[in-house]
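The next block holds one structure in the form of structure tokens; read it before the comments.
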Amino acid sequence: KQAEGALRKAHDELEKRVEKRTKDLEIQKSNLEEANIAMQVLLDKRQEDKKELEDNVLTNVKEMIVPYFEKIKKTKLDDQQKAVLNIVESCLNEIISPFTRKMSLKYLNLTPTEIQVANLIRYGSNSKEIADILGLSPRTIYNHRKNIRKKFGLKNKKTNLRSHLLSTH
Numbered sequence: 148k149q150a151e152g153a154l155r156k157a158h159d160e161l162e163k164r165v166e167k168r169t170k171d172l173e174i175q176k177s178n179l180e181e182a183n184i185a186m187q188v189l190l191d192k193r194q195e196d197k198k199e200l201e202d203n204v205l206t207n208v209k210e211m212i213v214p215y216f217e218k219i220k221k222t223k224l225d226d227q228q229k230a231v232l233n234i235v236e237s238c239l240n241e242i243i244s245p246f247t248r249k250m251s252l253k254y255l256n257l258t259p260t261e262i263q264v265a266n267l268i269r270y271g272s273n274s275k276e277i278a279d280i281l282g283l284s285p286r287t288i289y290n291h292r293k294n295i296r297k298k299f300g301l302k303n304k305k306t307n308l309r310s311h312l313l314s315t316h
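Number 316 marks the last residue of the sequence shown (the working numbering); no jumps.
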């Protein structure tokens, strides 16, 4: 009977240990699951931030640099100046090429002038002011606005172009 009692006591002791270890493992499992969820949230946020940065870089280049390349190309340049301009433009395109593949086609199909017009609209300029700034006729600006609306899918909609441009940048 003593041996039976000792065996029962040892069995109970082992069961308590197994139960405690099982609880410890469940707590560790729960902690790991929480850490995994937190890591996934951080990873998703990092990807989102990276995409936003890429979009901003490409948009800034398309809006702030490309239009000036177009203007410079229209001036009288000698062969050496044209060659240097082409090299700089090629280098810039090489730098932004990874972003270009990822950027929404909506933004990429605007012409350099449409990008300038859209930028000025975003900053609050009206058509007459834009025409004066760019040295174009108000009718030309009207056509650019119409094309921009069409390219953004706003044709025949009541959406304000400036509001749309502000919300997408």
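Each residue gets a CB set at the ideal place from its N, CA and C atoms; glycine is no exception.
Subject >> Closest residue to Arg269 among Glu151, Leu308, Val213 (Cα-Cα distance) >> reply: Leu308
Original post:
By how many angstroms is the C-alpha of Leu281 removed from the C-alpha of Lys249?
Top reply: Its pLDDT being 49, under 50, Lys249 is placed unreliably in this model, and the value from its coordinates should be taken loosely. Rounded to the nearest angstrom, the two C-alpha atoms are 30 Å apart.
Subject >> Delimiting residues of the alpha helix (DSSP H) encompassing Asp279 >> reply: 274-281
Original post:
Comparing the C-beta of Arg286 with each C-beta of chain D, is any distance below 8 Å?
Top reply: Although the question refers to chain D, the structure presented lacks it and comprises just one protein chain.
Original post:
Is the CB-CB distance between Leu205 and Ile243 below 8 Å?
Top reply: yes
Original post:
Taking the C-alpha atoms as reference points, what is the distance between Glu261 and Lys223?
Top reply: 23 Å
**OP:** Below 8 Å on the Cβ atoms is my guess for Lys302 versus Arg296; work out the distance and round it to an integer in Å.
**Re:** 5 Å
Original post:
Excluding five sequence neighbours on each side, which residues of the same chain lie with their C-beta closer than 6 Å to the C-beta of Ser251?
Top reply: The predicted model places Ser251 with a pLDDT of 46, which falls under 50 and marks its position as unreliable, so this point remains unresolved.
Original post:
Which of helix, strand or coil does DSSP assign to Lys249?
Top reply: A caution first: Lys249 carries a pLDDT of 49, below 50, which makes its placement in the model unreliable, though a value can still be read off. DSSP places Lys249 in helix when its eight states are reduced to three.
Original post:
Between the region 229-237 and the region 270-280, are three or more C-beta pairs nearer than 8 Å?
Top reply: no
**OP:** State the DSSP-derived secondary structure class of Gln149, mapped to helix, strand or coil.
**Re:** helix
Subject >> N-terminal and C-terminal residue of the alpha helix (DSSP H) that Tyr270 is part of >> reply: Neither: Tyr270 is in no alpha helix (DSSP H) and is coded neither H nor E.
Original post:
Looking at the unbroken alpha helix (DSSP H) that takes in Lys223, where does it start and where does it end?
Top reply: No alpha helix (DSSP H) holds Lys223; DSSP gives it neither H nor E.
Subject >> Alpha carbon of Ile184 to alpha carbon of Leu190, nearest angstrom >> reply: 10 Å
Original post:
At which residues does the alpha helix (DSSP H) containing Lys297 begin and terminate?
Top reply: 285-298
Original post:
Do Val208 and Leu179 have their C-beta atoms closer together than 8 Å?
Top reply: no
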